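Trainee: Residue numbers 7 to 274, in the numbering used here, belong to the letters of the sequence shown in order.
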Amino acid sequence: MTAQDLPAWMPLSVFIWIVQMIAYHGFGLWFEWLDRNGRLADYKVRPVDSWTYAQVLPRVLLNQVFILLPAMVLVEKAGLAFVGPAHITPLMFIVGLIGMTIGHDLVQYVSHAWILHRPTLMRTLGHSVHHSTTASRSISACFMSPMDFLMEIAAPYLLPLIAITAIGSAGSDLVFHIFAVSAGAFGGLYEHSGYDFSVKLAKSDNALARFVASRISSKAHAEHHSRGNVSYSDGFGSSNICDTVFKTRWDLVKPRERQRRSAQEQEA
Ligand SMILES: [Zn+2]
Ligand SMILES: [Zn+2]
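#1: Given this structure, state the Cα-to-Cα distance separating Ile-94 from Ser-175, to the nearest angstrom.
#2: Considering only the beta carbon of each residue, do Ser-144 and Phe-33 sit closer than 8 Å?
#3: Is the CB-CB distance between Tyr-238 and His-231 below 8 Å?
#4: Name the residue from Gly-193, Asp-257, Arg-221 and Tyr-30 whose alpha carbon lies nearest to the alpha carbon of Ala-208.
#5: For Lys-225, name the three-state secondary structure that DSSP assigns.
#6: Judging by CA-CA distance, which residue of Leu-40, Val-236, Gln-70 and Ser-204 is the nearest neighbour of Pro-261?
#7: For a test of the three-state rule: what should DSSP assign to Tyr-201, helix, strand or coil?
#8: Output the distance between the C-alpha atoms of Ala-87 and Pro-152, rounded to the nearest integer angstrom.
#9: Here's the rule I'm using: 16 or more other beta-carbon atoms within 10 Å means buried, otherwise exposed. How should Arg-65 be labelled?
#10: Would you tell me roughly how many angstroms separate the C-alpha atoms of Met-150 and Leu-127, rounded to the nearest one?
#11: Please go through the same chain and pick out, in chain order, the residues whose beta-carbon is closer than 6 Å to the beta-carbon of Ser-19, but skip the five residues on each side of it.
#12: Quick check on DSSP: helix, strand or coil for Lys-50?
#13: For Leu-75, collect the residues of the same chain with a Cβ closer than 6 Å to its Cβ; drop the 5 residues on either side in sequence, then sort them by chain order.
#14: In whole angstroms, what is the alpha-carbon distance linking Asp-179 and His-110?
#15: So, with DSSP's three-state summary, where would you put Arg-255?
#16: Could you check if Ile-104 is buried or exposed, using at least 16 other CB atoms within 10 Å of its CB as the buried criterion?
#17: Of all residues in the structure, which have a C-beta closer than 6 Å to any heavy atom of ligand 2, taken in chain order?
#18: Rounding to the nearest angstrom, what Cα-Cα distance links Ser-199 and Val-101 in this structure?
#19: Heavy atom of ligand 1 less than 7 Å from the Cβ of Leu-122, yes or no?
#20: State the CB to CB distance for the pair Asp-249 and Gly-193, rounded to an integer number of angstroms; the pair is presumed to be in contact (CB under 8 Å).
#21: Using CA atoms only, rank isn't needed, just tell me which of Ala-226, Phe-21, Arg-129 and Leu-63 is closest to Asp-154.
#22: What is the residue span of the alpha helix (DSSP H) that Trp-120 lies within?
#23: Got a sec? Which residues, its chain only, sit under 7 Å from Phe-203 by beta carbon, not counting five neighbours each side?
#24: What first and last residue would you give for the alpha helix (DSSP H) that runs through Pro-162?
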């Protein structure tokens, strides 16, 4: 199947949006099921968010339907993405994924660290809405004000996609688009799920196992939610280049005095 096989009334951007919704809400329901059944409880490292699934869902859907979907359709109508070859070469596939990862990190970091977290803009642009959650209910990944969603979700996805389309990647290749949105959805949901699948590997004596653990940990974004001033990149699946370059990665920033004292008290 290629994009040309889609019915005339179904633009590629709409089809990929539907795939994204199935991935997002499918993984979201799976994490919710884990929470309710206590499965994989050994990996649940944070208490579940006081915001319930039913409270979070409407705002998430509003963002996805009224911001993400129109933005994707507009980009296609403008001929900037979701257009071009039906199949891209393996090299262009890899170039595209690297471009998406780095581009996502750049756009998201500028939006998140330099604009949304500005004390004067935190409430104006509504990033405080997302910070009312504790990164322990997976679908809260898109629980945001409309402006926040546009700057932190839609733009970091679509701007790099436009850039890689311009150099001959992505095109209208279904496999590429489906992989990109599914992986992106899983990353965001996992980071906000309160699960950390690295906890057992991290205790291993094997250096390789500990390296894998560091790559699959969800700690970075959890630290962002609890400390507020660290790890602005999406930790899991992200290159984290900006957090490393600007030294805002959680393990590079000392905890504030008050937090350090309360952590020490808890350990004592
Ligand atoms: Zn934030
Ligand atoms: Zn978050």
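Beta carbons are placed, not taken as given, at the ideal position from N, Cα and C, and that holds for glycine. For clarity, every value in this text was computed on a predicted model and none was experimentally measured.
Mentor: Let me spell this out:
#1: 6 Å
#2: Going by C-beta atoms, Ser-144 is nearer than 8 Å to Phe-33.
#3: no
#4: Arg-221
#5: helix
#6: When each option's Cα is compared against that of Pro-261, the closest is Val-236.
#7: Tyr-201: strand per DSSP, three-state reduction.
#8: 22 Å
#9: buried
#10: CA-CA distance, Met-150 to Leu-127, rounds to 14 Å.
#11: Short of 6 Å from the beta carbon of Ser-19, and not among the five residues preceding or following it, lie these beta carbons of its own chain, in chain order: Met-78, Val-79, Glu-82 and Phe-88.
#12: strand
#13: Trp-23
#14: 19 Å
#15: coil
#16: Answer is exposed; the Cβ neighbour count stays below 16.
#17: His-136, Ala-141, His-198, His-227 and His-231
#18: 30 Å
#19: Result yes, Cβ under 7 Å from ligand 1.
#20: At roughly 15 Å, the Cβ-Cβ gap does not stay under 8 Å, so Asp-249 and Gly-193 are not in contact.
#21: Arg-129
#22: No alpha helix (DSSP H) contains Trp-120, which DSSP labels as neither H nor E.
#23: Tyr-49 and Ile-222
#24: Unbroken alpha helix (DSSP H) run through Pro-162: 161 to 172.
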